[in-house]
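*Asks:* If you scroll down you'll find the structure; I have some questions about it.
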Amino acid sequence: MRIAIGAQRSDIVAQFLIEAVLVCLTGGVIGIAGALIGGQVVGYFSTDVQLSFSATAIVVAFLSSTLIGITFGYLPARAAARLDPVVALNHA
71 MRIAIGAQRS
81 DIVAQFLIEA
91 VLVCLTGGVI
101 GIAGALIGGQ
111 VVGYFSTDVQ
121 LSFSATAIVV
131 AFLSSTLIGI
141 TFGYLPARAA
151 ARLDPVVALN
161 HA
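Counting the sequence shown from 1 gives a position; this note's numbering is that position plus 70.
Put into structure tokens, the structure is as follows:
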């Protein structure tokens, strides 16, 4: 739709990338929070198991979530930006 009203290819790619990265970052934050809360729950109910989380593991999880968002956001963004306006309207 944006192609048909005159959006630049770079605008479309930027929009797709921003949306994909935000979705993946949100998922990453929810996943890290879930792991931390789950660890606390396991520690509360079990004295035999003690979980520890390193800052490095949390940063790596967050960065991998961001990398996935960039990678899988760029591919459809590139394809969408290359569409002919008539084809883009036909798919909408």
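C-beta: ideal position from N, C-alpha, C; glycine also. Values in this document were obtained by computation on a predicted structure and should not be read as measured data.
Comparing alpha-carbon positions, which option in Val129, Ala150 and Ala151 lies nearest Ile102?
*Replies:* By 1-based counting over the sequence shown, the position of residue 102 is 32. Of the candidates Val129, Ala150 and Ala151, the one whose C-alpha sits nearest the C-alpha of Ile102 is Val129.
*Asks:* Around the C-beta of Phe33, are 16 or more other C-beta atoms found within 10 angstroms, so that it is buried, or is it exposed?
*Replies:* The question about residue 33 has no answer, for the chain in this structure spans 71 to 162.
*Asks:* Sort Phe142, Asp154, Arg152 and Arg148 by Cα distance to Leu92 and report the nearest one.
*Replies:* Within the sequence shown, residue 92 is the residue found at index 22, counting from 1. Of Phe142, Asp154, Arg152 and Arg148, the residue nearest in Cα terms is Phe142.
*Asks:* When the Cα atoms are used, what is the spatial distance from Ala151 to Val83?
*Replies:* Start at 1 with the first residue of the sequence shown, and residue 151 comes out as number 81. Start at 1 with the first residue of the sequence shown, and residue 83 comes out as number 13. C-alpha separation (whole angstroms): 6 Å.
*Asks:* Below 8 Å between beta carbons: does that hold for Val112 and Val119?
*Replies:* Mapped onto the sequence shown, residue 112 falls at position 42. Mapped onto the sequence shown, residue 119 falls at position 49. Contact: yes.
*Asks:* Gly108 to Val99, Cα distance in whole Å?
*Replies:* Position 38 of the sequence shown, counted from the start, is the residue given in the question as residue 108. Position 29 of the sequence shown, counted from the start, is the residue given in the question as residue 99. Spanning the two alpha carbons is a distance of roughly 14 Å.
*Asks:* For Leu121, which of Ala131, Leu106, Ser135 and Leu133 has the nearest alpha-carbon?
*Replies:* Residue numbering aside, residue 121 sits at position 51 when the sequence shown is read from its first letter. Among Ala131, Leu106, Ser135 and Leu133, the Cα nearest to that of Leu121 is on Leu106.
*Asks:* Quick one, are the C-beta atoms of Thr136 and Cys94 less than 8 Å apart?
*Replies:* Working through the sequence shown from its first residue, we reach residue 136 at position 66. Working through the sequence shown from its first residue, we reach residue 94 at position 24. By the CB criterion at 8 Å, Thr136 and Cys94 fall inside the cutoff.
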